[in-house]
Amino acid sequence: MSRYTLPQPKGPKAMTIAVGFHCKDGIVFAADRQFTKAGAFKYHAKKFVTFNHGFVELALVFAGEPGIFEEMQQKVSARLEQIDDLTTELVRETIEDVLVSMGWKERYLDGNLDLLVAVNALFESSKMLVFDGASLRQAESGVCVVGCGDTSLVR
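Heads up: the sequence shown begins at 13 in my numbering, then just goes up one per residue.
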């Protein structure tokens, strides 16, 4: 007679998600705050950043590696500072250029960075952009979820 043995846990699995709600009068972001380092060390920090450039307001929320996100948002901010008349399209192009310069096309960012970006420009309706490792595109109205790691919410 054989005995049934329960499968052993495979160890801690890190995951993170970010959710964007594109509503009639704006965009709302939500994200967890927990980061997990190797060895299952956990800590809490913000997974979003907001900033203004002239008449354009930006909010970015991410899932993935915090160091990659910080580098990306610093490069985006520095490049946007050099543009006088920002539009949503110029913001999208700038973010795409920065992601490409960081190795997106060479697949360096695969599984390490997913983004939601809210852009509120003067005389334009609010737009939500999404980067899921495959493309940077404008999200449709409604709910958009991005995530990195092991979570059933983004499968």
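Using N, Cα and C, we set each Cβ at its ideal position, and we do this for glycine too. Computed from a predicted model, the values in this text were never measured in an experiment.
With a CB to CB cut of under 7 Å and the five nearest residues on each side skipped, what residues in its chain are close to residue i?
i    : result
F60  : F41, A43, A71, L72 and V73
L102 : I95
Keeping to the same chain, check which residues put their C-beta closer than 6 Å to that of residue i; ignore five residues upstream and five downstream.
i    : result
S153 : H34
N124 : G76, E77 and I80
N132 : E69 and S138
Can you find the residues in the same chain that come closer than 8 Å, C-beta to C-beta, to residue i, ignoring five residues on each side of it along the sequence?
i    : result
A57  : R45, F47 and P78
P106 : The sequence shown places Thr at residue 106, not Pro. These residues qualify, in order along the chain: V88, R91, L92 and I95.
E136 : T99 and T100
Cα separation between residue i and residue j?
i    : j    : result
G23  : D109 : Reliability of the predicted coordinates at G23 is poor, the pLDDT of 48 falling under 50, and the value obtained from them is presented with this limitation in mind. Straight-line Cα distance between these residues: approximately 37 Å.
L141 : C156 : 10 Å
G38  : H65  : 18 Å
F63  : A146 : 25 Å
Q86  : L111 : 12 Å
V129 : Q150 : 9 Å
W116 : L148 : 10 Å
F143 : F53  : 27 Å
R104 : K36  : 21 Å
E82  : D97  : 25 Å
Given that a residue counts as buried once 16 or more other Cβ atoms are within 10 Å of its Cβ, and exposed if not, what is residue i?
i    : result
V134 : Here residue 134 turns out to be Leu, not Val, going by the sequence shown. So L134 counts as exposed.
G32  : buried
Would you list the residues sitting across from residue i in a DSSP beta bridge?
i    : result
M114 : According to DSSP, which records beta bridges pairwise, M114 is partnered with nothing at all.
K139 : V131
R91  : The partner list for R91 (beta bridge, DSSP) is empty, contrary to what the question assumes.
N124 : Beta-bridge pairing links N124 to no other residue.
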